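Respectively, the protein sequence lines represent chains C and W.
One point on numbering: in the working numbering, the residue at position 175 of the first sequence is 186, and numbering is uninterrupted.
One point on numbering: in the working numbering, the residue at position 162 of the second sequence is 173, and numbering is uninterrupted.
Quick reminder that beta carbons are idealized off the backbone N, C-alpha and C, glycines included.
Being a predicted model, the structure only gives us computed values, none of them experimental.
2 protein chains.
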Amino acid sequence: MMIEKPVRVGLVGFGTVGSGVARLLLDNADSIQARTGVRLELACVVDVDTASPRPVNLPDGLLTNDLHRLLNDESISIGIELVGGTTIAKDIQLAMLAAGKHVVTANKALLAEHGPALFAAARSAGKCIAFEASCAGGIPIVSVLRSGLAANHISAIYGILNGTCNYILSNMTAKHEDFQSALSQAQQKGYAEADPTLDINGSDTAHKLAILGSLAFGYEIPLDAIYVEGIEQISVDDIRCGLEMGYVIKLLAIGVKRDHKISLRVHPCFIHEDSLLAQVNGPFNAISVFGHAVGNTMYYGRGAGMMPTASAVVADIIEIALGNSPKIFSNLQLRPVAQARQAMEDIGQITSRFYMRVMAKDQPGVVATYGKILGDHGISISGALQHEGKGPYNTVPVIITTHPTLQANMTAALQELCKTNVVSGEPACIRIIDIPEDHD
Amino acid sequence: MMIEKPVRVGLVGFGTVGSGVARLLLDNADSIQARTGVRLELACVVDVDTASPRPVNLPDGLLTNDLHRLLNDESISIGIELVGGTTIAKDIQLAMLAAGKHVVTANKALLAEHGPALFAAARSAGKCIAFEASCAGGIPIVSVLRSGLAANHISAIYGILNGTCNYILSNMTAKHEDFQSALSQAQQKGYAEADPTLDINGSDTAHKLAILGSLAFGYEIPLDAIYVEGIEQISVDDIRCGLEMGYVIKLLAIGVKRDHKISLRVHPCFIHEDSLLAQVNGPFNAISVFGHAVGNTMYYGRGAGMMPTASAVVADIIEIALGNSPKIFSNLQLRPVAQARQAMEDIGQITSRFYMRVMAKDQPGVVATYGKILGDHGISISGALQHEGKGPYNTVPVIITTHPTLQANMTAALQELCKTNVVSGEPACIRIIDIPEDHD
């Protein structure tokens with residue numbers, strides 16, 4: 012069955028990714044048709060800026076600043092929203108749905124914040140919203156969770172979902188650079204924005220986790236219920252000490268389901284240097300997904316950038332043109348936010364191992380003091396590292412790793428420790444995540 | 012849109028994977044429906060052996076030795092062939108297609124040998140053949156190549172596609188075991204058949220490469236045009252010397268497209284220890300796919316086993332039930348075998364780096380002799396390793412790595428080297444594959 016009539020798509024947002032999408036649609040229409048039977052045709056490109064040069068040459072007359080040209084063209088069946096942000100972009104998506112067009116988007120922030128409302132609008136319009144490009148760029152992880160692993164109960168996902176953070180942490184690890192200089196380099200390389208806040212504070216990763224977690228566990232995930240820590244406080248000294256103990260630092264998005272409780276969180280972690288995720292460096296993303304039938308699987312690739320993201324956008328367009336996405340979308344059932352809140356575990360109730368560094372005063376009784384405080388809170392020590400030699404103000408860095416313990420106990424112990432006279436300054440505390448091994 | 016009428020499926024072949032599929036269909040029908048909207052119903056299970064116990068309890072009356080019960084039941088729309096082999100299995104698939112049923116299969120050997128004929132039969136019956144489970148078990152790599160990366164020109168795939176070989180080579184590497192003892196262990200663990208020939212000689216990997224290569228490059232791939240070497244000749248000494256030079260041994264399926272020529276081959280390779288594929292150990296599989304837009308992506312998971320393979324079979328059933336697979340299948344256009352033969356590069360014409368070990372006689376003039384022979388064939392030496400101390404019969408192992416050179420030149424040089432009086436026995440020669448890095 013050849014689909015001979017071209018499927019006409021309209022693009023809103025002619026920035027980096029938009030230029031990549033235009034390039035793929037203009038240059039690759041023949042090969043896409045040969046591979047899939049679908050003929051795609053770029054009908055118009057809408058942007059407020061119609062003057063600046065872009066890295067793609069549009070045929071004359073395609074570029075416009077009038078959204079209505081897209082909305083009113085009944086021959087256009089798919090609208091691509093690549094504007095970004097959560098205000099105008101939302102209006103544009105709603106307008107496209109109201110005009111009877113399927114929507115393709117890379118807008119993770121919008122979906123994480125207003126996904127349920129947008130999905131409801133799409134349902135009542137009988138259209139779909141496709142969002143492969145919103146998570147992990149070119150890695151087809153949305154499709155994997157919705158289709159490839161559809162026969163599985165997903166028990167856990169562990170994702171490196173932000174290329175900026177991974178680039179910074181990789182460089183801090185490999186080159187012993189401090190956070191600020193690694194960040195500057197990421198900015199020079201184009202891996203970090205001029206204002207990198209949303210990347211480095213974990214927000215961007217949380218947006219993606221809200222989307223992937225909803226697909227993995229079947230709930231509408233309220234963004235404010237995801238626990239988030241960024242990487243701003245990570246010191247190169249802790250990275251080095253972790254390495255010495257066999258751990259590599261990563262900013263992980265973690266979704267774990269256990270006994271009907273779901274834990275969703277984003278924070279820096281130490282993971283074992285032998286785990287596959289520990290090998291994912293630079294701007295790359297990767298997601299480990301555990302299914303009850305399939306076991307551990309992992310998906311790796313570029314998480315951002317013009318062409319990888321465009322690759323995902325065009326894959327979505329093809330799936331819509333084939334009629335696949337609308338069917339999958341209309342069958343997707345997510346339990347509502349209220350149920351998600353009930354199922355979601357408070358960060359205090361999660362169990363984790365911890366890496367802790369205190370700057371201890373170099374005096375007798377220090378080990379006894381913090382040993383007693385940890386013991387009193389039921390925290391058992393797994394490993395310890397204390398190099399000879401002094402830190403500032405006559406202190407020595409003392410590093411301890413713990414056996415699994417309740418987060419609430421760890422938090423209480425740290426607070427108590429800070430009140431004693433044996434430590435100086437704030438202790439560093441980084442969770443150690445033992446990614447389950449899928450053994451023989 | 013809820014699909015309320017159950018989709019009834021019939022299963023032929025009640026072995027290990029068949030039992031896993033039955034278990035998923037019986038235990039997970041509710042969760043699959045919640046996730047996808049599709050209600051699946053196992054209608055019958057056909058096997059010549061209806062007596063032996065299986066690791067799943069079928070409801071009474073489902074098991075039969077009569078294939079016609081499946082074929083004649085018009086309420087069954089999907090037939091699953093898990094018989095294996097290339098004779099009866101082919102008849103069963105053709106009969107199911109003739110009876111108007113879509114076919115789901117894990118049978119890589121059958122598709123690699125008779126894919127074009129079976130696909131043609133499916134087309135003329137207006138049905139599809141779905142085969143996610145035929146390659147890399149639970150990893151949804153078929154779906155990735157057909158849909159997730161559909162906007163890309165694929166330039167290369169590098170796959171670890173046989174868990175038996177990877178388990179053996181991993182153990183030889185980590186535990187310095189010889190081939191026979193690693194093989195015995197794989198058999199004890201259930202990772203190798205009693206007759207492991209098709210796994211260790213590379214045939215099974217070649218079957219999978221024929222399938223993945225056809226999807227990646229758009230040709231019907233003739234199995235006999237794939238160059239194949241197995242792992243039987245790999246010695247633990249070469250593994251150790253490779254490690255010392257920074258390389259890890261893997262049996263790779265390689266598909267590379269360059270200037271309209273396609274190279275498809277299966278052979279042991281040394282790959283750099285830092286590459287992600289080098290970290291894939293034990294029975295796991297992984298495939299690196301390079302797309303022109305997406306760059307390097309990798310997919311990792313269990314390549315075989317009851318539940319991982321069943322996970323892929325059921326994913327295919329769901330995609331058929333949703334109507335997605337038939338559409339994708341009918342649009343899949345592969346250029347015919349004759350064109351593939353023209354495009355495929357002869358192994359002699361490929362360029363590679365090489366690791367070579369000769370047992371050189373411990374006498375003057377040896378380096379001059381092999382240096383001259385390599386030089387005469389235009390082969391440039393990249394690295395060398397010669398430990399002091401002797402091998403058997405007054406020989407010393409001399410290891411050389413080369414810069415990229417034509418396979419034909421290397422073969423000629425080795426033949427000439429063997430004719431001289433400076434080396435003893437057969438030289439070992441293992442290709443070094445520099446998997447392209449996807450750089451910043």
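Between Thr27(W) and Ala167(C), the alpha-carbon positions lie close to 26 Å from each other.
In the structure shown, Phe190(C) adopts helical secondary structure according to DSSP, grouped into three states. Spatial neighbours of Met317(W) in its own chain (CB-CB distance under 8 Å, excluding positions within 5 residues in sequence) are listed in chain order as Thr27, Val28, Ser30, Gly31 and Pro66. Each residue's CA atom was taken as its position, placing Ser145(C) and Glu92(C) some 11 Å apart. If you draw a straight line from the Cα of Val433(W) to the Cα of Leu209(W), it comes to about 36 Å. Listed along the chain, the chain W residues whose CB falls inside 7 Å of the CB of Glu330(C) are Ser158. Thr184(C) and Ser158(W) have their alpha carbons spaced roughly 36 Å apart. With respect to the C-alpha of Ile99(C), the residue from Ala147(C), Cys55(C), Val23(C) and Gly111(C) having the closest C-alpha is Val23(C).
Closest in C-alpha terms to Val49(C), from the list Leu345(C), Asn335(C), Gly90(C) and Leu108(C), comes Asn335(C). In this structure, Met370(W) sits near Thr406(W), with a CB-CB distance shorter than 7 Å. Shortest Cα-Cα distance from His398(W) to any of Glu255(W), Leu74(W) and Leu263(W) involves Glu255(W).
Within 7 Å of the CB of Gln290(C), the CB atoms of chain W belong to Leu287 and Gln290, in sequence order along the chain. For Asn342(C), a Cβ of chain W is located within less than 7 Å of the residue's own Cβ.
For Lys200(C), the three-state secondary structure derived from DSSP is coil. In this chain, Cys280(C) is not harboured by any alpha helix (DSSP H); it is covered by the beta strand (DSSP E) spanning Lys272 to His283. Lys112(C): not part of any alpha helix (DSSP H); DSSP gives it neither H nor E. The contact set of Leu333(W) on chain C, defined by CB atoms closer than 8 Å, consists of Asn335, Lys338, Ile339 and Asn342 in chain order. Val94(C) sits buried, since 16 or more C-beta atoms from the chains shown fall within 10 Å of its C-beta.
Annotation: the region 42-72 of chain W contains the following complete segments of the beta strand (DSSP E) (minimum length 3 residues), in chain order: 51-57. The alpha-carbon of Asp248(W) is positioned some 40 Å away from that of His164(W). Taking C-beta separations shorter than 6 Å and ignoring five residues to either side along the sequence, the partners of Glu52(W) in its chain run Pro17 and Arg19, following chain order.
Within the model, the alpha-carbon separation for Glu240(C) versus Gln191(W) is close to 51 Å. Using a Cβ-Cβ distance cut-off of 8 Å, the region 268-284 of chain W and the region 310-325 of chain W are not in contact, since fewer than three pairs of beta carbons, one from each stretch, lie closer than that value. Between Asn182(C) and chain W, the shortest Cβ-Cβ separation is not below 7 Å.
Chain W places a beta carbon closer than 7 Å to that of Leu35(C), counting this residue as a contact. Proximity of Ser145(C) to chain W, defined by a Cβ-Cβ separation below 7 Å, is not satisfied. Chain C places a beta carbon closer than 7 Å to that of Pro151(W), counting this residue as a contact. Glu92(C) is bridged by DSSP to Val23(C) and Thr116(C). Around the beta carbon of Asn307(C), 16 or more other beta carbons lie within 10 angstroms, which makes this residue buried. Taken atom to atom, the span from the alpha-carbon of Leu160(W) to that of Val155(C) is near 12 Å. Within the model, the alpha-carbon separation for Ala217(C) versus Pro207(C) is close to 15 Å.
At a cut-off of 7 Å between beta carbons, Thr47(C) contacts chain W. Looking from the CA of Gly359(W), the closest CA among Leu417(W), Gln104(W), Ser435(W) and Gly389(W) belongs to Leu417(W).
Per DSSP, Ile179(W) has no beta bridge partner at all. 7 Å or more divides the Cβ of Val259(C) from the Cβ of Ala297(C). Note that the C-beta distance between Ile328(C) and Val59(C) is not below 7 Å.
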